[in-house]
Each structure stands twice: as C-alpha cells, then as structure tokens.
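To start, the structure itself, in structure tokens.
Here's what the structure looks like:
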C-alpha cells in the first residue's frame with residue numbers, strides 16, 4: 019500500500035523532540051495532499067512556530083522550499099537568507115517569511131520509493147545552523163518516512 023498511515027505514529031511529538039534535540043528554532047513537515055484539482059503541498063506538522071500563518075501556505079511541486087525538495091528529491095540548505103540572491107526571491111519561500119527564518123535545511127521524506135514530504139529545520143535571528151545540519155545523514159527521517167530512498171542505483 020502506498021498511503022501513509024498517520025495514525026500509527028505520533029509525528030507531532032517526534033517533531034517536537036527532534037527540534038529540541040538538535041536545537042533548532044523551528045521544525046516542520048510538509049506533505050502532499052491530493053484533491054480533484056491536483057497535488058498541493060501543505061505544512062501539516064510544525065514545532066516552534068511563531069504564528070498560524072503556515073496553515074495558509076499551499077505550494078505546488080517546484081515552488082517554495084518544500085516544492086523544490088519534493089520535485090528534486092534532494093536536500094536544500096540556506097545558510098543565510100539575508101544574502102542578496104535569497105532576498106531578491108524571498109516571495110518564493112513563504113515559510114521563511116511567515117516564520118522569520120534566516121537559515122534552513124530541508125530534507126526529502128521518502129515512502130515506498132517516492133518523495134511524500136519534506137522535513138524542514140530552521141533558525142531565526144541569524145543563528146547559524148547547528149552542526150547536525152552539516153551531516154544530515156544523522157537525521158534518518160520521521161515515523162515511517164525515511165530521509166533517503168532505499169533503492170539501489172541500476
């Protein structure tokens with residue numbers, strides 16, 4: 019079965035624990051939702067949020083942090099959101115704006131060989147990413163979602 023059973027795991031509690039363990043200001047899980055119009059990506063679980071604006075963020079594949087990570091299947095890291103390149107396209111990253119994030123790391127979450135979500139960790143106020151961000155392989159995923167696809171290359 020290709021569906022994720024969210025009742026089998028307390029994703030919110032584990033997300034809270036990961037955020038605290040690795041000393042991030044913010045953590046979130048974005049997941050794709052299918053409806054009759056198409057696939058949208060929404061932030062389903064968050065920890066350390068400043069407000070509820072994340073609930074209104076709807077992304078498409080290739081848009082925003084979550085959309086880019088889901089489309090490429092590769093992690094994304096922004097060390098300094100104040101850099102000119104990021105500032106000139108900041109409207110493309112609504113989670114950075116709504117949560118006032120100044121650095122982030124986002125990793126794809128795999129389920130049955132498909133990217134089903136994104137696990138994002140972020141810092142505010144210019145705080146650098148913790149050392150764990152330099153070795154994201156230590157973050158293995160969350161619940162039944164893994165941080166890397168387990169398919170061997172052909």
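Numbering (my numbering), first residue to last: 19 to 172.
Built from N, CA and C at the ideal position, the CB exists for glycine as well.
Predicted model, so just to flag it, every value in this text is computed and none were measured.
Of the other Cβ atoms in all chains shown, 16 or more fall within 10 Å of the Cβ of residue 43; this residue is therefore buried.
For residue 85, the secondary structure class from DSSP, reduced to helix, strand or coil, is helix. It is roughly 21 Å from the alpha-carbon of residue 35 to the alpha-carbon of residue 134. In this structure, residue 58 sits near residue 78, with a CB-CB distance shorter than 8 Å.
In the DSSP annotation of this structure, the continuous segment of the beta strand (DSSP E) that includes residue 135 starts and ends at 132–142.
With a beta-carbon spacing of about 6 Å, residue 47 and residue 137 fall inside the 8 Å limit used to define contacts. In the displayed model, residue 63 falls within a strand according to three-state DSSP. Comparing C-alpha distances from residue 85 to each of 139, 122, 132, 50 shows the shortest one belongs to 50. For residue 114, the uninterrupted alpha helix (DSSP H) run begins and ends at 112–116, by DSSP.
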